[in-house]
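J.:
Chains as they are written, first to last, in my numbering: chain A, 3 to 371; chain B, 6 to 346; chain C, 164 to 737.
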């Protein structure tokens, strides 16, 4: 295992920022820490880097213990085999591009020839070879970010740490850079921890995602698992757009839930371990089918409502449909006018039931969403 | 060096002669020792650059002795010596400063050397204190007026004239809390019977300036028209041709003493003695007059040009009139009247 | 075939330097430096202060037969002292505000706008820096006293008798002090202002704000810490001004604490006990206010030098250009051009005459300088003490600033307070403390005492200037260095120091000038072998020899400017 974190606890004053977090990252694996601000993901990253000292726990990088509260071990960041890319890039203004990237090698007193070749290779990988002698003050945001990446990889660290590296870029650049980071990481085959609050990044880049909230890991899994099979409403909401509506659960068999919506429509859905009683169903907006209301009779998984708003997003429309007291978001290529009466439907396996206990988490994340 | 046989044959005269010769013999030894020690550390308060030039005259007379001088204002000088000597760190062979009661305390502490240089014989006793403190210079206070703005007929002739209402806002002086010379002047005024000085001065708009230098500059510039001030800077100004008029009142002339002393413990004791002697010699005193413009105490010295000498003047010495109690009383009174207490 | 130097993508990492070590003290070296810094600072500052404290309970200085007393502390509350205190505060507050406004405005013009005469302005500020306070006061007495040049021009030339200048007033003191202290404000603010992120202002500018509004709404709030620093510096500088109030205040019956203290220590009968007491009380007040300032502002200062990269695109002044030029020109004229002319004039005449056509001219003042043997030695001493001593002061100041703003090891707040203590004590009282404490040590009488005294006295200049810049450097730049493998020493040397360069330059400049101009502290501890130029000039000046004093000031200023230019290699580089 390249990175091992065990029972990490970090407090600031009387607030617990990281609450007994454990995970492992294999050699060459890219794991994202995904969650809203304040969930502890950045602090966890900084603990791995050595920029914060946890209260309890144990951290290993490349089979070397870098932190162990039980044995009183704390290795400073400069003795850990890491490379870190900061959210603000932290490019040093008084050094050229070459000097910035070469810095980790210079402080390790590597011979000149080695420095030259390593730096040029790193610059090649991020596409900045012709920039080598430029002053870092003349770079655009995207270029600085690439310098930061080059600097982080130039000395072949055992662990790569990214702290929300794309949040300051514009959308187009973000997409492009996302793909490049993925390609780079694959090529280097280095264990990577990637902190982000953007589900698109997490889903597209990661081998595994750890969804974090309030200092705990809610769910760990592959992107498909997290997206398609969220363990609770919190995870569901964090990983993608999600619609929730209240139901009364009547029968709770693992793959065949029978519920009743507020307006009496029967709902067939899937889920996990919920008991009969009040609950919620989660459906992704892209899984809802929207069509004009032709007055057909009621059928399972077909809800009646009115289009309140329509947004054109180029590839599809985004609808806000009022179904009773609930507002559902629907992504669909079909064009329907506002104020039209419609029917919104979904397949049974696209509806996920969450029990009452998961309700409170969803309430909280709704404000964030 | 005379042989004993010759001495014994001429008893009395020979006795005196032998004493004189023995003294001069001792003195020759002192000078020899001084030349061997070859270095003078002197702590003094003579203003630059005249101070340096005067000391250069000493170097001409004693080329084997190199001179290192530290110049400080008299109050700071006394503080410095207090601190250094008290800590056993004093490096000075000679001190020259204004007379102050502190010096009497130094005498009590045994910090000063008792030594009578040969030249001391020429001086009246009032200028020699216990063979430890020698007054070599007097600094007199006078009335000064600006020639271009004050006609001869209108100029004040004596101290009491300075209080005339026609000098409102036009009279200047160094404030008493800043100047021993002014304290002496006020003490003399008190003796002369001039009363309520502080209040009357305040009512008449007296202006204060920073030191006698500041006062003279103010007179020349025309900020004020008359002043009561010590005479060394006046003499310099006169030498330059500045339009100032100096008046030495007939009733009394306040004077403060500049004294020379030898510390009991010094790195080059004989050099100190040689310097003390030179400063009291005719040559040393005359050069003090010519270079520094000072008024010296050795009888028979030619007075500085441009101002009258000591003859016929009613000199009132600070040593006689200004006690520490009086100093404190004057300073406190003036500070109260001017709202500073 | 891959050469063995290429970036081995399959993860053949560099030899790992990770060691599992027992304790968190891998920076034993850094800790040792911190402890040493603390110890040196404590020694430099506590020793004279302790002597002062001791002296405040005594009736006289060492060597006098003094006894213990509480009388000095009782006298602190006397109406005269309180009155003097109030006067001093009023003067100092006004001086500080005006100086900071002027200095800050000129720094802003120089570093944030496209003002056309930047180099000249910086040169003017630098040159006015060189004027020792009493020379400036002397020049202004010549110009603005009732019998001075301005009034002669008014009454004799223009026949206007209704308006008359009188520099001997509170206004006169404030006027001269502002001219004198503005350069300090400029240099305090210069470092942080010149490294600020331009995009912050550009955003405001793009929203339609004119340069005034940009300065008021964006620049000023972001510069809160440096501006407050500047206000504080100027306030304290003003409080301890001695020569200007002495020359200009005394004739006008205006007394400040500094002149009061000078009287207490320098003139018979001395009251050194009361002087020490007043000095300690002032120091307590300013130490507390600096402590309070740090706590208030520290939280709110947002770093504006970040790795995000900044481009210094200057703001367009537009129609404000003419006003700015006039303002700067006025400053240059009043702070050193006209006083220089007055100075040159004074150096070549025998005695003062307002009308240059009636004056008696002479070269003898310059001759007298060559003939004085002490002067050459004084010059060498000054170079050693100011030039070399400033290096010590800068190093110590940098270590302290870094320790208190970044390192924050246990005890750093104490270090902060310690370092700011000498701030509030007038030079003359510090000199007294040093005299009393160092007279027992073998270094007494050597230049080292002067260096120690100056380093201690002016430490806050360095710590404030450098501290303000340290605050502006985003912590993340150092973290990036740590995660790149540089330990704290390497990251300090490779990242922090280069980024601190503007502040280091300003700091050195500030210290050099401060050491160069210092009179009051030196007057009590110098000996003939350690006499410095300021003492020489002051001595000539105090003894009615303004001619020689002016001549010496001119010569030393010229030589020093040349030297500083060589040392700083283009000091006019903006």
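Each residue gets a CB set at the ideal place from its N, CA and C atoms; glycine is no exception.
Quickly, what does DSSP pair residue 223 of chain A with across the bridge? List them, please.
T.: The residue given as residue 223 of chain A occupies position 221 in the first chain. For residue 223 of chain A, which the question treats as bridged, DSSP gives the partners A/211.
J.: Could you name the residues of the same chain whose beta carbon sits closer than 7 Å to that of residue 186 of chain C, not counting the 5 residues immediately before and after it, in chain order?
T.: One-based indexing of the third chain puts residue 186 of chain C at position 23. Residue confidence for residue 186 of chain C is low, a pLDDT of 38 falling below 50, so the modelled location carries little weight; the figure read from the coordinates is stated next. Nothing meets the Cβ criterion.
J.: Report yes if the C-beta of residue 233 of chain A is less than 7 Å from at least one heavy atom of the ligand GDP; otherwise report no.
T.: Summarising the ligand content, the structure contains no ligands, and the ligand GDP is consequently not present.
J.: Based on the DSSP output, what are the partners of residue 36 of chain A in its beta bridges?
T.: Translated into positions along the first chain, residue 36 of chain A becomes position 34. Looking at the DSSP output, residue 36 of chain A bridges to A/198 and A/213.
J.: Using a Cβ-Cβ cut-off of 6 Å (strictly less than) and excluding sequence neighbours within five positions of residue 87 of chain A, which residues of its own chain qualify?
T.: Stepping through the first chain from its first residue, residue 87 of chain A is reached at position 85. Answer for residue 87 of chain A: 150, 151, 154, 164 and 167, listed in chain order.
J.: Judging by CA-CA distance, which residue of C/709, C/477, C/565 and C/396 is the nearest neighbour of residue 368 of chain C?
T.: In the third chain, the residue the question calls residue 368 of chain C occupies position 205. Nearest option by C-alpha distance: C/477.
J.: Can you check DSSP and say which residues form a bridge with residue 281 of chain A?
T.: One-based indexing of the first chain puts residue 281 of chain A at position 279. Bridge partners of residue 281 of chain A: A/249.
J.: Between which two residues does the alpha helix (DSSP H) harbouring residue 478 of chain C extend?
T.: Here residue 478 of chain C refers to the residue found at position 315 when the third chain is read from its first residue. Neither: residue 478 of chain C is in no alpha helix (DSSP H) and is coded neither H nor E.
J.: Specify the secondary structure class of residue 493 of chain C as computed by DSSP and reduced to three states.
T.: Sequence index remark: in the third chain, residue 493 of chain C carries index 330 (1-based). Looking at residue 493 of chain C - three-state DSSP - the assignment turns out to be helix.
J.: Please report how far the alpha carbon of residue 131 of chain A lies from the alpha carbon of residue 182 of chain A, in whole angstroms.
T.: As a working mapping, residue 131 of chain A is identified with position 129 in the first chain. As a working mapping, residue 182 of chain A is identified with position 180 in the first chain. Straight-line Cα distance between these residues: approximately 16 Å.
J.: Quick one: is residue 647 of chain C near chain A, going by C-beta distance under 8 Å?
T.: Taking the first residue of the third chain as 1, we reach residue 647 of chain C at position 484. For residue 647 of chain C, the answer is yes, since a Cβ of chain A falls inside 8 Å of its Cβ.
J.: For a minimum of 3 consecutive residues, which ranges assigned as the beta strand (DSSP E) are wholly contained in the segment 10-95 of chain A?
T.: 17-27, 32-36, 58-63, 66-70 and 84-87
J.: Of all Cβ atoms in chain B, is any one closer than 8 Å to the Cβ of residue 288 of chain C?
T.: As a working note, residue 288 of chain C is residue 125 in the third chain. In terms of beta-carbon proximity, residue 288 of chain C stays away from the interface with chain B, with every pair separated by 8 Å or more.
J.: Could you list which residues in chain C have their beta carbon closer than 7 Å to that of residue 347 of chain B, in chain order?
T.: This structure does not reach residue 347 of chain B, given that chain B is present from 6 up to 346, and the question cannot be answered.
J.: Given a cut-off of 8 Å, decide if residue 205 of chain A and residue 232 of chain A are closer than it, judged by their beta-carbon atoms.
T.: Here residue 232 of chain A refers to the residue found at position 230 of the first chain. Here residue 205 of chain A refers to the residue found at position 203 of the first chain. Result no, Cβ atoms of residue 232 of chain A and residue 205 of chain A do not sit closer than 8 Å.
J.: Once you ignore the five residues that flank residue 641 of chain C on each side, which residues in its own chain have a CB closer than 7 Å to its CB?
T.: Position 478 of the third chain, counting from 1, holds the residue named residue 641 of chain C. These residues qualify, in order along the chain: 654, 658 and 659.
J.: Counting only the same chain and skipping the five closest in sequence on each side, list residues whose C-beta sits under 6 Å from that of residue 310 of chain A.
T.: Locating residue 310 of chain A in the first chain gives position 308, counting from the first residue. Once the five neighbours on either side are set aside, the close Cβ partners of residue 310 of chain A are 322 and 324.
J.: Identify which residue in C/593, C/198, C/501 and C/224 has its Cα closest to the Cα of residue 294 of chain C.
T.: Numbered from 1 along the third chain, position 131 holds the residue referred to as residue 294 of chain C. Considering only alpha carbons, the answer is C/501.
J.: Measure the CB-CB distance between residue 556 of chain C and residue 617 of chain C and report whether it falls below 8 Å.
T.: Looking up residue 556 of chain C in the third chain gives position 393. Looking up residue 617 of chain C in the third chain gives position 454. Cβ distance < 8 Å, so residue 556 of chain C and residue 617 of chain C count as in contact.
J.: From residue 61 of chain B to residue 68 of chain B, what distance separates their C-alpha atoms?
T.: Sequence index remark: in the second chain, residue 61 of chain B carries index 56 (1-based). Sequence index remark: in the second chain, residue 68 of chain B carries index 63 (1-based). Rounded to whole angstroms, residue 61 of chain B to residue 68 of chain B spans 10 Å at the Cα level.
J.: Which chain C residues sit within Cβ distance under 8 Å of residue 229 of chain A?
T.: Within the first chain, numbered from 1, the residue matching residue 229 of chain A stands at position 227. Those do not exist, as residue 229 of chain A stays about 30 Å from chain C at its closest Cβ, beyond 8 Å.
J.: Whole angstroms is fine: what's the gap from residue 409 of chain C's alpha carbon to residue 214 of chain B's?
T.: As a first step, residue 409 of chain C is located in the third chain; it is residue number 246 there, counting from the start. As a first step, residue 214 of chain B is located in the second chain; it is residue number 209 there, counting from the start. Approximately 8 Å, taken between the alpha carbons.
J.: Looking at C-alpha atoms only, which residue of C/639, C/214 and C/537 is the closest neighbour of residue 694 of chain C?
T.: In the third chain, counting from the first residue as 1, residue 694 of chain C sits at position 531. Comparing Cα positions, the closest option is C/537.
J.: Which full runs of the beta strand (DSSP E) of 3+ residues lie inside the segment 177-232 of chain B, going along the chain?
T.: none
J.: Give me the residue from B/189, B/313, B/199 and B/258 with the minimum Cα distance to residue 330 of chain B.
T.: One-based indexing of the second chain puts residue 330 of chain B at position 325. Among B/189, B/313, B/199 and B/258, the Cα nearest to that of residue 330 of chain B is on B/189.
J.: Checking 8 Å against the spacing of the C-beta atoms, do residue 514 of chain C and residue 231 of chain B come in under that value?
T.: Residue 514 of chain C sits at position 351 when you count from the first residue of the third chain. Residue 231 of chain B sits at position 226 when you count from the first residue of the second chain. Against a cut-off of 8 Å, the Cβ pair of residue 231 of chain B and residue 514 of chain C comes out as no contact.
J.: Looking at the C-beta of residue 719 of chain C, does it have a partner C-beta in chain B at a distance below 8 Å?
T.: Position 556 of the third chain, counted from the start, is the residue given in the question as residue 719 of chain C. No, no contact with chain B.
J.: Less than 7 Å between C-beta atoms, sequence neighbours within five positions excluded: which residues of the same chain meet that for residue 696 of chain C?
T.: Counting from one through the third chain, the residue named residue 696 of chain C turns up at place 533. Result list for residue 696 of chain C: 541, 542, 545 and 719, in chain order.
J.: Counting only C-beta atoms, is residue 413 of chain C closer than 8 Å to chain B at any point?
T.: On the third chain, position 250 is the one that residue 413 of chain C refers to. Residue 413 of chain C counts as touching chain B.
J.: Any Cβ of chain A within less than 8 Å of the Cβ of residue 661 of chain C?
T.: By 1-based counting over the third chain, the position of residue 661 of chain C is 498. Chain A contact via Cβ: present.
J.: Figure out for me which residue from A/42, A/245 and A/121 has the closest Cα to the Cα of residue 219 of chain A.
T.: For this step, residue 219 of chain A is matched to residue 217 along the first chain. Checked all of A/42, A/245 and A/121; the closest Cα to residue 219 of chain A is A/42.
J.: When the Cα atoms are used, what is the spatial distance from residue 376 of chain C to residue 383 of chain C?
T.: Mapped onto the third chain, residue 376 of chain C falls at position 213. Mapped onto the third chain, residue 383 of chain C falls at position 220. In this model, residue 376 of chain C and residue 383 of chain C are separated by some 10 Å (Cα to Cα).
J.: Less than 8 Å separating the beta-carbons of residue 394 of chain C and residue 259 of chain C?
T.: Locating residue 394 of chain C in the third chain gives position 231, counting from the first residue. Locating residue 259 of chain C in the third chain gives position 96, counting from the first residue. Yes, the Cβ-Cβ distance between residue 394 of chain C and residue 259 of chain C is below 8 Å.
J.: Residues of chain C with CB under 8 Å from residue 343 of chain B, in chain order?
T.: Mapped onto the second chain, residue 343 of chain B falls at position 338. The answer, in chain order, is 416.
J.: Taking 8 Å as the cut-off, decide whether the C-beta atoms of residue 330 of chain C and residue 401 of chain C are in contact.
T.: Here the question's residue 330 of chain C lines up with position 167 in the third chain. Here the question's residue 401 of chain C lines up with position 238 in the third chain. Not in contact: residue 330 of chain C and residue 401 of chain C (Cβ atoms no closer than 8 Å).
J.: How would you list, in chain order, the residues of chain C whose beta-carbon sits under 9 Å from the beta-carbon of residue 98 of chain A?
T.: Taking the first residue of the first chain as position 1, residue 98 of chain A is located at position 96. Neighbours of residue 98 of chain A on chain C: none; closest Cβ ~12 Å, over 9 Å.
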